[in-house]
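Asks: Have a look at this one.
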Amino acid sequence: MANTPTPHIGAKYGDFAKTVIMAGDPLRAKFMAENFIDNPVLVNEVRGMLGYTGSYCGKPVSIMGHGMGIPSIGIYSYELFNFYGVETIIRVGSAGAYSEDLHIGDLVLAMGASTDSNYGSQFSLPGVFAPTADFGLIRKAADSCEKFGFRYKVGNVLSSDTFYSDTPHTEDWRKMGILAVEMEASALYMNAARAGKKALTILTVSDHVITGEATTPEERRTTFTNMMKVALSLV
9 MANTPTPHIG AKYGDFAKTV IMAGDPLRAK FMAENFIDNP VLVNEVRGML GYTGSYCGKP
69 VSIMGHGMGI PSIGIYSYEL FNFYGVETII RVGSAGAYSE DLHIGDLVLA MGASTDSNYG
129 SQFSLPGVFA PTADFGLIRK AADSCEKFGF RYKVGNVLSS DTFYSDTPHT EDWRKMGILA
189 VEMEASALYM NAARAGKKAL TILTVSDHVI TGEATTPEER RTTFTNMMKV ALSLV
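In this text, residue positions in the sequence shown follow my numbering: the first is 9, and each later residue adds one.
Quick look at the structure:
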């Protein structure tokens with residue numbers, strides 16, 4: 009393909025599988041590739057955003073980092089969907105819980121992704137677009153959670169543009185049933201919708217905005233394996 013490699017991805021067309029599992033931290037992607045898939049091959053390391061392709065249960069799969077925030081995942085998911093022929097992207101990430109029913113280590117399947125970002129304005133729609141996951145992926149992920157016995161909830165999350173917000177409006181979002189806050193799902197879902205592709209975000213609760221519970225960076229990188237198992241079950 010004439011568009012590959014891109015300014016952000018050094019791989020050739022065909023180096024990525026049709027399904028890519030993405031993590032914000034490239035070291036989480038590296039951990040997942042080295043511990044969960046067979047024969048991982050490094051296909052990208054531009055800007056340190058590590059990407060690997062291998063197989064899981066005999067099926068090809070790629071794993072790659074996407075960085076922090078909507079602009080970053082917006083670039084990587086756009087290029088994968090539109091330049092590399094990727095059909096499905098599954099994001100595995102951490103989230104701050106808003107719901108009192110969630111606890112450290114619980115999974116959240118992001119059916120919808122509300123946002124305070126202006127990312128969607130580029131599509132010039134005469135209203136507000138509601139970014140959602142692919143229903144087939146949601147259903148299979150929920151079935152996998154049940155099979156594995158993992159604690160999980162399905163619902164709406166907040167994709168925020170700010171980590172350190174001067175006016176967080178936490179209670180306002182909680183009143184609307186937002187389960188947790190993260191920083192990427194809405195852009196991923198918008199890019200998937202625009203490209204006619206599939207996407208899902210699976211989150212692990214790393215901290216609780218209300219109770220103050222929290223985990224360390226090392227724990228977030230190497231112990232949040234339940235969401236990785238669920239993501240791989242969708243390949």
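C-beta: ideal position from N, C-alpha, C; glycine also.
In the DSSP assignment, find the beta strand (DSSP E) that holds Gly-62 and state where it starts and stops.
Replies: It spans 59-64 - the beta strand (DSSP E) in which Gly-62 sits, taken as one unbroken run.
Asks: Compute the Euclidean distance between the alpha carbons of Asp-33 and Met-191, then round it to the nearest angstrom.
Replies: 13 Å
Asks: Is Asp-234 helix, strand or coil when you go by DSSP?
Replies: Sequence inspection shows Asn at residue 234; the Asp mentioned does not correspond to that position. In the structure shown, Asn-234 sits in a helix (DSSP, three-state: H, G or I).
Asks: Once you ignore the five residues that flank Lys-206 on each side, which residues in its own chain have a CB closer than 8 Å to its CB?
Replies: The beta carbon of Lys-206 is closer than 8 Å to those of Glu-95, Thr-96, Ile-97, Asp-142, Gly-144, Leu-145 and Ala-200 in its chain, skipping five residues each way along the sequence.
Asks: Please go through the stretch 24-77 and give each complete beta strand (DSSP E) segment of 3 or more residues, from N-terminal end onward.
Replies: 27-31, 46-52, 59-64 and 67-73
Asks: So, are the CB atoms of Met-72 and Val-28 less than 8 Å apart?
Replies: In contact: Met-72 and Val-28 (Cβ atoms closer than 8 Å).
Asks: Looking at the strands, I want to know which residues DSSP matches up with Tyr-160.
Replies: Partner(s): Leu-115.
Asks: Indicate the three-state DSSP secondary structure (helix, strand or coil) for Lys-205 in the structure shown.
Replies: coil
Asks: Residues in its own chain within less than 6 Å of Ile-81 by CB, not counting five upstream and five downstream?
Replies: His-74, Glu-192, Ala-195 and Leu-196
Asks: Is the stretch 45-53 touching the stretch 18-25, taking contact as three or more C-beta pairs under 8 Å?
Replies: yes
Asks: How many Å lie between Phe-89 and Arg-202 at the Cα?
Replies: About 10 Å.
Asks: Could you check the C-alpha separation between Leu-187 and Gly-220 for me, to the nearest Å?
Replies: 15 Å
Asks: Using a Cβ-Cβ cutoff of less than 8 Å, which residues in the same chain neighbour Val-1 once the five nearest sequence positions on both sides are dropped?
Replies: Because the chain is modelled from 9 through 243, residue 1 falls outside the range shown and cannot be assessed.
Asks: From which residue to which residue does the alpha helix (DSSP H) around Glu-179 run?
Replies: 178-183
Asks: Check the DSSP bridge columns for Asp-215 and list the partner residues they point to.
Replies: Gly-104 and Ala-222
Asks: In whole angstroms, what separates the C-alpha of Pro-68 from that of Ala-103?
Replies: Rounded to whole angstroms, Pro-68 to Ala-103 spans 28 Å at the Cα level.
Asks: Using CA atoms only, rank isn't needed, just tell me which of Lys-38, Ser-173 and Leu-117 is closest to Asp-124.
Replies: Ser-173
Asks: My guess is that Met-235 and Pro-139 are in contact by the Cβ rule of under 8 Å, so how many angstroms apart are they, rounded?
Replies: Not confirmed; about 20 Å, so no contact.
Asks: What is the DSSP secondary structure of Glu-87, counted as helix, strand or coil?
Replies: Glu-87: helix per DSSP, three-state reduction.
Asks: Need the endpoints of the beta strand (DSSP E) that Ala-95 sits in, please.
Replies: Before going on, a small fix: residue 95 reads as Glu here, not Ala. No beta strand (DSSP E) holds Glu-95; DSSP gives it neither H nor E.
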